[in-house]
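Numbering (the working numbering), first residue to last: 604 to 720. Beta carbons are placed, not taken as given, at the ideal position from N, Cα and C, and that holds for glycine. The structure appears right after this line, and notes come after that.
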């Protein structure tokens with residue numbers, strides 16, 4: 604079982620926060636990106652998953668109080684988001700030096716307990 608440092612996991616959240624917010628169209632959001640599960644506009648919005656993730660992991664949330672398992676689960680959601688937004692020329696991610704691919708490799712190393720930030 605890998606030895607995962609909670610502080611290292613927490614540091615990894617800033618990159619996906621930035622990328623997710625950059626991808627979101629928030630101009631017409633009636634809730635200013637605060638997901639409201641009882642509002643039909645939110646439940647049918649194409650940005651619902653991103654909004655939910657941001658509401659659970661933005662800078663205003665005390666993520667240091669979350670367990671290592673919760674942090675890992677939320678990071679894996681962010682990995683899926685970043686990975687799904689890569690263009691097809693990222694087929695060889697081990698050699699790619701773009702910010703997205705470097706972050707994905709860093710997450711993998713931290714989750715495998717190989718690297719401390």
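{"query": "Which of the three DSSP states, helix, strand or coil, is assigned to residue 703?", "result": "helix"}
{"query": "Just reading off the alpha helix (DSSP H) that residue 657 is part of, what are its end residues?", "result": "651-660"}
{"query": "Taking buried to mean at least 16 other C-beta atoms within 10 Å of its own C-beta, is residue 643 buried or exposed?", "result": "exposed"}
{"query": "What are the boundary residues of the alpha helix (DSSP H) that includes residue 646?", "result": "643-646"}
{"query": "Suppose you measure from the CA of residue 685 to the CA of residue 707; what does that come to, to the nearest Å?", "result": "8 Å"}
{"query": "From 662, 657, 626, pick the residue whose C-alpha is nearest to that of residue 639; which is it?", "result": "657"}
{"query": "By the three-class DSSP mapping on this structure, what secondary structure does residue 687 have?", "result": "helix"}
{"query": "Could you spell out the range, first to last residue, of the alpha helix (DSSP H) harbouring residue 561?", "result": "Here the chain has residues from 604 to 720 only, and residue 561 is not among them."}
{"query": "Distance, Cα to Cα, residue 713 vs residue 690?", "result": "24 Å"}
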